[in-house]
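Chains A and B are the protein sequences, given in the same order.
Here the working numbering is used: the first residue of the first sequence is 1, the next is one more, and so on.
Here the working numbering is used: the first residue of the second sequence is 167, the next is one more, and so on.
Backbone N, C-alpha and C define an ideal beta-carbon position, used for all residues, glycine too.
Shown next, in structure tokens, is the structure this report addresses.
Number of protein chains: 2
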Amino acid sequence: MPDPAIPPAANADDTESQVRAFEQHRRQRQSTLAEDYCELIADLIAETGEARATDIARRFGVSHATVVNSIGRLQKAGFVSSQPYRSIFLTEIGRDLAARSKRRHVIVLRLLEALGVDAETARADAEGIEHHVSDATLAAFERFLTAREAQDKVASASGLKGSSSS
Amino acid sequence: MPDPAIPPAANADDTESQVRAFEQHRRQRQSTLAEDYCELIADLIAETGEARATDIARRFGVSHATVVNSIGRLQKAGFVSSQPYRSIFLTEIGRDLAARSKRRHVIVLRLLEALGVDAETARADAEGIEHHVSDATLAAFERFLTAREAQDKVASASGLKGSSSS
DNA sequence: AAAAGATTATAGCCTCGGCTATATTTTGCA
DNA sequence: TGCAAAATATAGCCGAGGCTATAATCTTTT
Numbered sequence: 001m002p003d004p005a006i007p008p009a010a011n012a013d014d015t016e017s018q019v020r021a022f023e024q025h026r027r028q029r030q031s032t033l034a035e036d037y038c039e040l041i042a043d044l045i046a047e048t049g050e051a052r053a054t055d056i057a058r059r060f061g062v063s064h065a066t067v068v069n070s071i072g073r074l075q076k077a078g079f080v081s082s083q084p085y086r087s088i089f090l091t092e093i094g095r096d097l098a099a100r101s102k103r104r105h106v107i108v109l110r111l112l113e114a115l116g117v118d119a120e121t122a123r124a125d126a127e128g129i130e131h132h133v134s135d136a137t138l139a140a141f142e143r144f145l146t147a148r149e150a151q152d153k154v155a156s157a158s159g160l161k162g163s164s165s166s
Numbered sequence: 167m168p169d170p171a172i173p174p175a176a177n178a179d180d181t182e183s184q185v186r187a188f189e190q191h192r193r194q195r196q197s198t199l200a201e202d203y204c205e206l207i208a209d210l211i212a213e214t215g216e217a218r219a220t221d222i223a224r225r226f227g228v229s230h231a232t233v234v235n236s237i238g239r240l241q242k243a244g245f246v247s248s249q250p251y252r253s254i255f256l257t258e259i260g261r262d263l264a265a266r267s268k269r270r271h272v273i274v275l276r277l278l279e280a281l282g283v284d285a286e287t288a289r290a291d292a293e294g295i296e297h298h299v300s301d302a303t304l305a306a307f308e309r310f311l312t313a314r315e316a317q318d319k320v321a322s323a324s325g326l327k328g329s330s331s332s
């Protein structure tokens, strides 16, 4: 060892960057619930005309009490609005979050499938991954997908198989 | 509307699959902490010879009390061993988890960079994404990276630029 | 060897996101 | 129109993962 007094971290900048990464990580863990709920509520309204606590509970596989509890927190945070014994509505903020989450979800799902992940696995993993994809990373995913589609078109035009993994 | 009695979910299989996805999502959220800690402890031992609570706290950007609390839970779960006022060691299980996490982390990081994500963003996002990547998806990532490397080699041999996004 | 400074432990508090059990209110149907 | 069933709300519990403040124990230095 050249220097017996080695500092705890090999590199201070590295530590700082890691701290930032973990802070982002923790923050995202907190907004995960809001994203999942807003996305599902938007889907339910689109599918059935309204979002009821029971349906949310069934889709998430949790108890209705948990849903009520969570909806209360989301209401306090300004994502949803609801009156007692009535169905749940998204606020402007909630609708915006739902739209952005949905978009991210779809792109992550398409990326996984483009990389050859089977549909069921892709669906399951996308559910977790989507919450940790920054705008910059999402843009990179989109660029890749666009390029891949163009590539596939050329390939199929020349009679070859698509470029997705076997 | 053709059928006035629309069931809550458009498709029962779909709901079931979503429930499974969310259950996986919740399970993974729980093992996240163990993975992060084991990975960092392994790194610290490799870098400095030992893993101390203070260093873990500094790297994660949390208080030492939080670290002590978490280490207690991890010890109960069998991932680490520690005596009072002594540094922290990984058990066989912990070492195994650390190795698997590290591997996943590296592959996710390489994938993001291969898709054109800048280094700092890739690092931050990988920290969150890695915990939600299943073995099947990880294998797909590896296949892609291997193919991409082969492709780059051919491209550079013929004097062209690499295929990574600009 | 004793004091000062680091490090670790403990106690007590908080929110989040789960649960069960038990009301209460709405809704659908006879 | 009532009554039964479904949906919603409430109360009370738990563990995870944060925090601060304070105590206990190294470790280093003088």
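Restricted to the region 215-253 of chain B, the beta strand (DSSP E) segments that are unbroken, complete and at least 3 residues in length are 246-248, listed in chain order. Where H105(A) is concerned, the enclosing alpha helix (DSSP H) starts and stops at 92-114. Pairing S101(A) with E35(A) gives a Cβ-Cβ distance under 8 angstroms. S322(B): member of the alpha helix (DSSP H) spanning 301-323, first to last residue. By the neighbour-count definition (other C-beta atoms within 10 Å, threshold 16), Y85(A) is an exposed residue. Contacts with chain B at 8 angstroms (Cβ-Cβ) include V117(A).
Within the same chain, and ignoring the five residues on either side of D125(A) in sequence, the residues whose Cβ sits closer than 8 angstroms to its Cβ are L112, V117. When rounded, the separation of the alpha-carbon atoms in R269(B) and Q194(B) is 17 angstroms.
DSSP places D291(B) inside the alpha helix (DSSP H), whose first and last residues are 285-295. Cβ neighbours of R276(B) within its own chain (closer than 7 angstroms, five residues either side excluded): L311. Per the Cβ contact rule, the region 229-249 of chain B is in contact with the region 202-210 of chain B (3 or more Cβ pairs under 8 angstroms).
Close CB contacts of G260(B) within its chain, under the 6 angstroms cut and outside five residues either way in sequence, are with C204, F245, V246 (chain order). For the C-beta of T121(A), the chain B residues within less than 7 angstroms are, from N- to C-terminus, S300, A302, T303.
Residue pairing by DSSP places F89(A) opposite S81(A) in a beta bridge. Nearest CB-CB separation between V320(B) and chain A: not below the 8 angstroms threshold. For the region 175-190 of chain B, residues whose beta-carbon sits nearer than 8 angstroms to a beta-carbon of chain A comprise A175, A176, T181, S183, Q184, V185, R186, A187, F188, E189, Q190.
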